[in-house]
Amino acid sequence: MKAAHYLVVLIAGALFGFGLSYSTMVRPEVVLGFLKFQDWGLMLVMGGAVAVTVLAYQFAPRLMRAPLLGGRFDTKTIPWNRDTAVGAALFGVGWGIAGVCPGPAIAGLGTGNWDLLWALGGMALGALVQGWRAKA
């Protein structure tokens, strides 16, 4: 990859992290408040993200010849299967117990919340175990 590509990805990541932190989604208690139907701020953040993504995926291929960083626009869809459903359920259980999602957990480290390292370590361990299981 070229340096310009890395710079664009870094800027996009910084924008993502700033948005998560600014909206307080890096705080597990905020996420747990949403999951307990006490705080709907997360729904606004997720809804805004979905709206921007839907618009970008619908209009970018019509307005541009190719993505900014090269390649091509891909419309391939991946069918749902049993693994998708089980993985989603397990993710939901972990999210509900910890109140931590991967993106906000990483961004939360930038706010000095080092306790999130435990959750990230658990996520990495779970992904490692799943990788071993998939190879078996």
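According to the numbering used here, the sequence shown is numbered sequentially starting from 884.
Positions of the beta carbon are idealized from the N, C-alpha and C atoms, including for glycine.
Everything numeric in this text was worked out from a predicted model, so none of it was measured.
Within the model, the alpha-carbon separation for residue 950 versus residue 909 is close to 30 Å. Closest option to residue 940, judged by alpha-carbon separation, among 986, 957 and 928: 957. Contact between the region 920 to 938 and the region 999 to 1009 is absent: fewer than three C-beta pairs spanning the two stretches fall below 8 Å.
Counting along the chain, the unbroken alpha helix (DSSP H) around residue 945 starts and ends at 924 to 946. Between residue 948 and residue 912, the alpha-carbon positions lie close to 43 Å from each other.
Residues of the same chain with a CB within less than 6 Å of the CB of residue 944, apart from the 5 flanking positions on each side, are 956 in chain order.
8 Å or more divides the Cβ of residue 900 from the Cβ of residue 982. 8 Å or more divides the Cβ of residue 924 from the Cβ of residue 936. Closest option to residue 892, judged by alpha-carbon separation, among 918, 952, 903 and 987: 952.
Rounded to the nearest angstrom, the gap between the Cα atoms of residue 933 and residue 988 is 20 Å.
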